[in-house]
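Chains as they are written, first to last, in my numbering: chain F, 676 to 953; chain B, 676 to 953. Just so you know, even glycine gets a beta-carbon here, dropped at the ideal spot from N, CA and C.
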């Protein structure tokens, strides 16, 4: 690929641009975004030039959609007519089923590879972009079938993912959405619920009567609804199932607060905590 | 006070010893603990010598109980006969009502000042002790009445709390236990529940398909049940109330996942998150 089009030059898109350049990509990177986001991305050297969507897509061997989920879905509906036949379209959306369905309806079969880099940080925007954002982090790919992974365009994309040290995991879009309902969406909603419960039950000064653990527990509660509204809208079934499981567990814990069963629950939780934090 | 007795020389007790010394305390610090804990505390300079409980208490102007809650309750029942009439007994237990009730039954009125330093770290033991552990952290005191704060022994203790930069907050034992049910016990149980839900619903490899936020959300899930069994046993009412509030909130969130009400919940959570992490 000689030209890459990054559509949406926020934290993810701009970080992908920086990561590619750091890994030795010497082609051109076109950015498609709002004027403010383009300016930041140019300032940080994450893109080489700005272009309208149609023009950037028409020039690109790789089209990287790094917008919010609802915008990715809109963009997929528009780009078909401009796409080069050898180009690969991929994305960085946090849910996969709805996006992949949209691609199946709107793009030639096999030209879209759904993806979700499980990377990020608290602050948003190209000014926070980081060439190392994907290093050592899972990068889920949801191909339509095993054959898609063998196409020339996907093989080249995989080569670059290796070069930026992303840890590729391959699964179906459905499997992805089920897993992240537990590993990402449930933790977010538990942290949001904790914060909302504190707001409801305590005076503002009472929240300060807390140990250092509370700040960790409330970190995700700081996430922007702007991002989450799309995640909640595009993965309701798995999220409801995950919430039901957690509510059942909480009710069980409440009923057995002082029984040895709670000791066993802590032991299981200790193991998961140690594993997830290695 | 010329001699301090620290009963229980784990992370909290040993850190208090180091903090006192760093703040200029030039008396002697006696340690009462298991042989292994005493050895670690001596190695780290957190105490000056080891002594049996009766002897340490008989010599001390300040008796600092930094054992697990159930052991503090046992110790309070034993020390009355050995206590100097001018000595102050205080503690570092994470719940206050049961400990203060025990003190009312077993010690002369006004000689015990319930306390809870909201400080700590993930690792335990005197080898992790830190003279700066209390600096800038809330240090709750639960006096029996306002008059107790004016006694000479309490005034001297307050002077040392100021010297180690602890942020003193005064409230009743009941108020303390209600507040920490939300700011400490609920976050712990939500993190434990998250971990147990992941263990139940996901294959071990699937837990790795997660972003950096999951590690934060699972940090508290790594806490030792050994510590928590006493907390859950001595604060069941407020914890059940806090769990009920969180369960109701979660159910509400589940029923309104894609309504604007969830947007409002995120906004409230954003505010609490920002406040708690300042």
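Is it true that the CB of residue 921 of chain B sits closer than 9 Å to the CB of residue 869 of chain F? Contact flag set, yes.
Let me know if residue 688 of chain B comes out buried or exposed under the rule of 16 or more other beta-carbons within 10 Å of its beta-carbon. With 16 or more other Cβ atoms within 10 Å, it is buried.
Unbroken alpha helix (DSSP H) run spanning residue 819 of chain B, endpoints: Run containing residue 819 of chain B: none; DSSP gives neither H nor E here.
With 16 other CB atoms within 10 Å as the buried threshold, where does residue 742 of chain B fall? Buried, because 16 or more other Cβ atoms sit within 10 Å of the Cβ of residue 742 of chain B.
Given that residue 844 of chain F touches chain B, what residues does it touch there, using C-beta distances under 7 Å? Against residue 844 of chain F, the close residues of chain B are 884, in the order they occur along the chain (beta-carbon pairs closer than 7 Å).
Could you confirm whether any beta carbon from chain A is found closer than 9 Å to the beta carbon of residue 728 of chain B? Annotation note: the requested chain A is absent from the structure, which comprises protein chains F and B.
Can you name, in chain order, every residue of its own chain whose Cβ lies under 6 Å from the Cβ of residue 740 of chain F, other than the five neighbours on each side? Hits under 6 Å: 682, 747, 750 and 766.
Do the region 721-730 of chain B and the region 836-850 of chain B touch if we need at least three Cβ pairs shorter than 8 Å? With fewer than three CB-CB distances shorter than 8 Å, the region 721-730 of chain B does not count as touching the region 836-850 of chain B.
Residues of its chain near residue 852 of chain F, where Cβ-Cβ distance is below 7 Å and the 5 sequence neighbours each way are ignored: Excluding residues within five positions, the ones whose Cβ falls inside 7 Å are 770, 771, 772, 910 and 913.
Taking Cβ-Cβ distances shorter than 8 Å, what residues in chain B pair up with residue 760 of chain F? Near residue 760 of chain F there are no residues of chain B at all, since even the closest Cβ is about 32 Å away, more than 8 Å.
DSSP state of residue 719 of chain F mapped onto helix, strand, coil: It is coil, neither helix nor strand.
Determine, for residue 911 of chain F, whether the minimum Cβ-Cβ distance to residues of chain B falls below 9 Å. Yes, residue 911 of chain F counts as interfacial toward chain B.
At a cut-off of 8 Å, would you count residue 879 of chain B as near the ligand ZN, judging by its Cβ distance to the nearest heavy atom? This structure simply doesn't include the ligand ZN, nor any ligand for that matter.
Selection from F:788, F:755 and F:945 that minimises the alpha carbon distance to residue 867 of chain B: Answer by Cα proximity: F:945.
Quick check on DSSP: helix, strand or coil for residue 897 of chain B? In this structure, residue 897 of chain B counts as helix in the three-state DSSP scheme.
Ignore the nearest five residues each way along the sequence and tell me which others in residue 898 of chain F's own chain have a CB closer than 7 Å to its CB. Within the same chain, and ignoring the five residues on either side of residue 898 of chain F in sequence, the residues whose Cβ sits closer than 7 Å to its Cβ are 863.
Where does the unbroken alpha helix (DSSP H) through residue 700 of chain F begin, and where does it stop? According to the DSSP assignment, residue 700 of chain F belongs to no alpha helix (DSSP H), since it is labelled neither H nor E.
Of the choices F:783, F:779, F:812 and F:785, whose alpha-carbon is the least far from that of residue 795 of chain F? When only C-alpha atoms are compared, the closest one is F:812.
Proximal residues of chain B, C-beta to C-beta of residue 659 of chain F below 7 Å: Outside the displayed range of chain F (676 to 953) lies residue 659 of chain F, so it cannot be described from this structure.
In chain B, what lies closer than 9 Å to residue 926 of chain F by C-beta? Contact annotation for residue 926 of chain F against chain B: 918 and 922 [CB-CB distance below 9 Å, chain order].
Limits of the alpha helix (DSSP H) - the one that residue 912 of chain F falls within: Segment 911-930, the alpha helix (DSSP H) holding residue 912 of chain F.
With contact counted as at least three CB pairs below 8 Å, one residue from each stretch, are the region 788-807 of chain B and the region 877-888 of chain F in contact? Between the region 788-807 of chain B and the region 877-888 of chain F, the count of C-beta pairs closer than 8 Å reaches three or more; the two stretches touch.
Quick one: Cα of residue 786 of chain F to Cα of residue 733 of chain F, how far? C-alpha separation (whole angstroms): 14 Å.
Examine chain F for any beta-carbon lying closer than 9 Å to the beta-carbon of residue 742 of chain B, and answer yes or no. No, residue 742 of chain B lies away from the interface with chain F (no Cβ there is under 9 Å from its Cβ).
DSSP-derived helix/strand/coil call for residue 688 of chain B: Shown here, residue 688 of chain B sits in a helix according to DSSP, grouped into three states.
Just the chain F side, please: which residues come within less than 7 Å of residue 881 of chain B by C-beta, in chain order? Going along chain F in sequence order, the residues near residue 881 of chain B (Cβ under 7 Å) are 854.
Residues near residue 684 of chain B by beta carbon distance below 8 Å, same chain, minus five either side: Closer than 8 Å at the Cβ level, and outside the excluded window around residue 684 of chain B, lie 692, 706, 707, 708, 712, 713, 715, 716, 721, 722, 741 and 801.
How about residue 924 of chain F and residue 896 of chain B: are their beta carbons less than 9 Å apart? No, the Cβ-Cβ distance between residue 924 of chain F and residue 896 of chain B is not below 9 Å.
Members of the region 782-813 of chain F that neighbour chain B once the beta carbon cut-off is set at 8 Å: From the region 782-813 of chain F, only 793, 794, 795, 796, 812 and 813 have a Cβ closer than 8 Å to chain B.
9 Å is my cut-off, CB to CB: does residue 748 of chain B come that close to chain F? Residue 748 of chain B has a beta carbon lying at 9 Å or more from every beta carbon in chain F.
If you count every other CB in all the chains shown that lies within 10 Å of the CB of residue 879 of chain B, and 16 or more means buried, which is it? Residue 879 of chain B counts as exposed, since fewer than 16 other beta carbons sit within 10 angstroms of its beta carbon.
What is the rounded straight-line gap between the Cα of residue 737 of chain F and the Cα of residue 827 of chain F? Going by the C-alpha atoms only, they are around 12 Å apart.
Every unbroken alpha helix (DSSP H) inside the region 822-864 of chain F [4 residues or more]: Fully enclosed alpha helix (DSSP H) runs of 4 or longer: 827-838 and 848-855.
I'd like to know if residue 766 of chain B contacts chain F, where contact means its C-beta is closer than 9 Å to some C-beta of that chain. No, no contact with chain F.
So what's residue 905 of chain B in DSSP terms, helix, strand or just coil? Three-state DSSP puts residue 905 of chain B in a helix.
For a test of the three-state rule: what should DSSP assign to residue 940 of chain B, helix, strand or coil? Of the three classes helix, strand and coil, the one that applies to residue 940 of chain B here is helix, per DSSP.
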